[in-house]
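Under our numbering, residues 135 to 466 are what the sequence shown spells out, in order.
Following: one structure in structure tokens, then a few remarks.
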Amino acid sequence: GVSRIHGRVSARLVADQWPEIRPEENPVGFVTNGVHVPTFLHQTWAEFFDRHLPAGWVDRLSDAALWSALERTPDEDFWAASQDVKSRMFESVRGRLSAEFAAKGMSGSQWRQVVRLLDPDRPDVLTIGFARRFATYKRAALLLKDRARLARLLGDAERPVLLLFAGKAHPADEPGKSVLREIKQLMLTPEFAGRIVFLDDYDMRLARWLVAGCDVWLNNPVAPLEASGTSGIKAAINGRLNLSVLDGWWAEGFDGGNGWGIPPAQVQDAERRDALDADAILDTLEEEVVPLYYGAGAGRCSAEWVRRCKRAQMTVIPRFNMRRVVSDYASG
Ligand SMILES: *Cc1c(COP(=O)(O)O)cnc(C)c1O
């Protein structure tokens, strides 16, 4: 398995290979995934680490004591680096959208509506990212269960929230394709224009921009179906906060202060389960995420927010990097 939970699920899936023993005792184990840090860490952060950490940090990725020094780095510098990355991500996303709008012959007024919060000169908009394959168990449209509530949350005039989606559905996955179309259509509705943006052609280049540039990385799979959810690791190493159902890697990575962990609803009925999970995430956004991000006033650095972002890097880089993974595989 590629996480502790996934190891348990996998052991049960193949339990009939060893009918004489219980699934927990069969030889299926797990090595929790990690990411290749030099590939997914934005250059701005590499430069920040060069300024504030001992030389050779790149060869000491698993050294938790080294990474704990991030706690003492200046908040203003940390904040400036993270807003700088977001601003460049906005620029890149505008470039993609502009090519798409031109190809489809969309009007100037539609363009202005859609990009109104995507302003590289004003990166202080709380930006939530959701980008992955649109397999149905990942529930891309989960927050739309309560559409009016989501519209209120995103549309707040003082504390705007931008929700960036990107993804691909397998060509044979009709339900996945229909969720994708549903979200894409919201981009031009009066409720969500400029607040929900969907980006086509999800690939590794776009993934790298989004995980580095979005303030919050959302993941809301049906537990326990998310094997790992590796994109969340990519976000955390870039100092971004996961808001995620406690499944896959996040059930091991969440420590109470490096993002938000949503306990999955324990009910059988799928409709009811989805409604409960959606409510729990919207509650957390309204009560914690938005007030914390905007806590110091528009454009200012919220000390508590920055504390959590540092904590995300400090706790996730040493435990979820590819060197640790390879060494776990090697030592069996
Ligand atoms: C990291 C990555 C993934 C995996 O994302 P999940 O969180 O596991 O859904 C998928 N696609 C691309 C392009 C990636 O970079």
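Even for Gly, the Cβ is constructed at its ideal location relative to N, Cα and C.
Because the structure is a prediction, the values reported are computed rather than measured.
Secondary structure of residue i, DSSP reduced to three states
{"i": "R267", "result": "strand"}
{"i": "G393", "result": "strand"}
{"i": "Y152", "result": "Correcting the residue type first, residue 152 is Trp in the shown sequence and not Tyr. Of the three classes helix, strand and coil, the one that applies to W152 here is coil, per DSSP."}
{"i": "F299", "result": "strand"}
{"i": "T418", "result": "helix"}
{"i": "F183", "result": "helix"}
{"i": "W343", "result": "helix"}
{"i": "V169", "result": "strand"}
{"i": "L277", "result": "helix"}
{"i": "L175", "result": "coil"}
{"i": "I451", "result": "coil"}
Cα-Cα separation, residue i to residue j
{"i": "V356", "j": "L380", "result": "10 Å"}
{"i": "R185", "j": "R138", "result": "36 Å"}
{"i": "F182", "j": "W213", "result": "11 Å"}
{"i": "G390", "j": "S241", "result": "46 Å"}
{"i": "F268", "j": "V162", "result": "28 Å"}
{"i": "A303", "j": "G289", "result": "28 Å"}
{"i": "G433", "j": "D258", "result": "5 Å"}
{"i": "P358", "j": "A145", "result": "13 Å"}
{"i": "L375", "j": "V227", "result": "20 Å"}
Residue closest to residue i, alpha-carbon to alpha-carbon, out of the options
{"i": "Y271", "options": "I330, S378, N354 and R339", "result": "N354"}
{"i": "R442", "options": "L252, H170, V350 and S362", "result": "V350"}
{"i": "L344", "options": "F264, R273 and Y428", "result": "F264"}
{"i": "L352", "options": "G393, R281 and A306", "result": "G393"}
{"i": "A282", "options": "T323, H140 and A269", "result": "T323"}
{"i": "M223", "options": "D280, A341 and Q151", "result": "A341"}
{"i": "E225", "options": "R194, K279, C348 and T173", "result": "C348"}
{"i": "F326", "options": "A414, E159, L297 and P188", "result": "L297"}
{"i": "L204", "options": "S436, G387, G373 and E420", "result": "G373"}
{"i": "R458", "options": "Y428, S232, V219 and T166", "result": "T166"}
{"i": "E292", "options": "P153, V424 and I451", "result": "V424"}
Status (buried if at least 16 other CB within 10 Å, exposed otherwise) for residue i
{"i": "P398", "result": "buried"}
{"i": "M338", "result": "exposed"}
{"i": "K368", "result": "buried"}
{"i": "K444", "result": "buried"}
{"i": "A346", "result": "buried"}
{"i": "A300", "result": "buried"}
Minimum Cβ-Cβ distance from residue i to chain D less than 8 Å
{"i": "A446", "result": "The question asks about chain D, but that chain is absent: this structure has only one protein chain."}
Inset, instruction - Starting from the N-terminal side, write out each stretch of the beta strand (DSSP E) that is 3 residues or longer and does not extend beyond the stretch 192-256. - result: At a cut-off of 3 residues, not a single continuous stretch assigned as beta strand (DSSP E) sits fully inside the stretch 192-256.
Legend entry - 3-residue-minimum beta strand (DSSP E) runs that sit fully inside the stretch 322-388, ordered along the chain: Correct list: 330-333, 350-353 and 375-379.
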